[in-house]
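**Student:** Encoded as structure tokens, here's the structure I'll be asking about.
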Ligand SMILES: Nc1nc2c(ncn2[C@@H]2O[C@H](COP(=O)(O)OP(=O)(O)OP(=O)(O)O)[C@@H](O)[C@H]2O)c(=O)[nH]1
Ligand SMILES: [Mg+2]
């Protein structure tokens, strides 16, 4: 008799910066979604797929909830954050003990049709008593089916949460080919790696004003016939002053960005890369519906 196979969608909902993308990395044992120490890093909902012989979990990583959107891009990000409320098998409400217990979020959770689990992340940063108290506060406003106190950093309780997920998923065939790691292609992750490095190298509003688009991606062969890619990327900013900051004095800033991003793209793809970065100004793109559509928001 054939062994049972379980599969399903697990959506991560929560405030910005609580560690949703880091949790997906911890669940899957490898990093695909970008992570930074600043809020609003994730902009698109993406599926990251965990596979083992008996299971397929499609994790839906999404932007954090933005309470008062300041521009249209943030409104689109909120739509992405909520999208999993319609189609997930299990909803993980992700938070940390530093986040307020928010009645607005509790109301959102109460509308979810699927089981909702509480995941209190960054346990490494808080004492046991404070964590227990925090879980009790949330339990008083929402009847979570299960609660976990975890750390995506130290992996505390991550195996326990993961095995509970595997057990809870419905029986069924895989949704994606078992070798797939994501619903997104390499081009998407290449652009994300550039954006992640913009978060690391630039401050204030700069990372929030940038959109990164792969313009051309040519797979060729390098020396001795090894695979090689020539990748041309546009970084779109809203103003000339932002372009000047990205370029830096004598182009030094963009050069540093290019070196770091190329190294990471090479290790992601597993082969050599030529990376060309160009900065373009598209005034007010974050509030322009056509631009947002063009950039996939
Ligand atoms: N100490 C500690 N830091 C963590 C933990 N999990 C994530 N972080 C850090 O928290 C920051 C935010 O992590 P992300 O995974 O980007 O958070 P996110 O919820 O995906 O953020 P957005 O995409 O902006 O909504 C990063 O600096 C992570 O390294 C944890 O368990 N402990
Ligand atoms: Mg994220």
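Residue numbers (the numbering used here): 1 to 297.
Beta carbons are placed, not taken as given, at the ideal position from N, Cα and C, and that holds for glycine.
Since the model is a prediction, treat every value here as computed from it, not as a measurement.
May I have a chain-ordered list of the alpha helix (DSSP H) segments no shorter than 4 residues that lie completely inside the region 127 to 190?
**Tutor:** Scanning the region 127 to 190 for uninterrupted alpha helix (DSSP H) segments of 4 residues or longer gives 128 to 141, 158 to 168, listed from N- to C-terminal end.
**Student:** Tell me which same chain residues have a C-beta within less than 6 Å of the C-beta of residue 262, skipping the five on either side of it?
**Tutor:** 273, 275
**Student:** Among 28, 52, 17, whose alpha-carbon lies nearest the alpha-carbon of residue 37?
**Tutor:** 17
**Student:** Alpha carbon to alpha carbon, what distance is there between residue 224 and residue 134?
**Tutor:** Between the alpha carbons of residue 134 and residue 224 lies a gap of roughly 58 Å.
**Student:** Going by Cα to Cα distance, which pick from 94, 79, 11 is closest to residue 60?
**Tutor:** 11
**Student:** Beta carbon of residue 23: closer than 8 Å to some heavy atom of ligand 1?
**Tutor:** yes
**Student:** Would you kindly work out how many angstroms separate the C-alpha atoms of residue 65 and residue 14, rounded to a whole number?
**Tutor:** 6 Å
**Student:** Should residue 63 be counted as a contact of ligand 1 given a C-beta to heavy atom distance under 8 Å?
**Tutor:** Residue 63 Cβ: within cutoff of ligand 1.
**Student:** Report yes if the C-beta of residue 209 is less than 8 Å from at least one heavy atom of ligand 1; otherwise report no.
**Tutor:** no
**Student:** Under the rule that 16 or more other beta-carbon atoms within 10 Å means buried, what is residue 221, buried or exposed?
**Tutor:** exposed
**Student:** Report yes if the C-beta of residue 96 is less than 8 Å from at least one heavy atom of ligand 2; otherwise report no.
**Tutor:** no
**Student:** How far does the alpha helix (DSSP H) with residue 89 in it extend, from its first residue to its last?
**Tutor:** Per DSSP, residue 89 belongs to no alpha helix (DSSP H) and is neither H nor E.
**Student:** Using only the alpha-carbon positions, how far apart do residue 7 and residue 212 sit?
**Tutor:** 33 Å
**Student:** What did DSSP end up calling residue 37 once you bin it into helix, strand or coil?
**Tutor:** The answer is coil: DSSP assigns residue 37 none of H, G, I, E or B.
**Student:** By the 10 Å Cβ neighbour count, where 16 or more other Cβ atoms means buried, how is residue 68 classified, buried or exposed?
**Tutor:** exposed
**Student:** Are there 16 or more other CB atoms within 10 angstroms of the CB of residue 89, so buried, or fewer, so exposed?
**Tutor:** buried
**Student:** Between the region 115 to 123 and the region 89 to 98, are three or more C-beta pairs nearer than 8 Å?
**Tutor:** yes
**Student:** Check whether the Cβ atoms of residue 32 and residue 182 sit closer than 9 Å, and answer yes or no.
**Tutor:** yes
**Student:** Excluding five sequence neighbours on each side, which residues of the same chain lie with their C-beta closer than 7 Å to the C-beta of residue 3?
**Tutor:** Residues of the same chain with a CB within less than 7 Å of the CB of residue 3, apart from the 5 flanking positions on each side, are 54 in chain order.
**Student:** Would residue 290 be called buried (16 or more neighbouring beta carbons within 10 Å of its own) or exposed?
**Tutor:** Counting the other Cβ atoms within 10 Å of the Cβ of residue 290 gives fewer than 16, which makes it exposed.
**Student:** Determine the DSSP secondary structure at residue 201, reduced to helix, strand or coil.
**Tutor:** helix
**Student:** Measure how close the beta-carbons of residue 27 and residue 158 come, nearest whole angstrom, since I'm counting them as under 8 Å.
**Tutor:** Correct: roughly 7 Å between the Cβ atoms.
**Student:** May I ask which residues mark the beginning and end of the beta strand (DSSP E) holding residue 230?
**Tutor:** 227 to 237
**Student:** Name the residue from 295, 283, 285, 186 whose alpha carbon lies nearest to the alpha carbon of residue 265.
**Tutor:** Comparing Cα-Cα distances from residue 265 to each of 295, 283, 285, 186, the minimum goes to 186.
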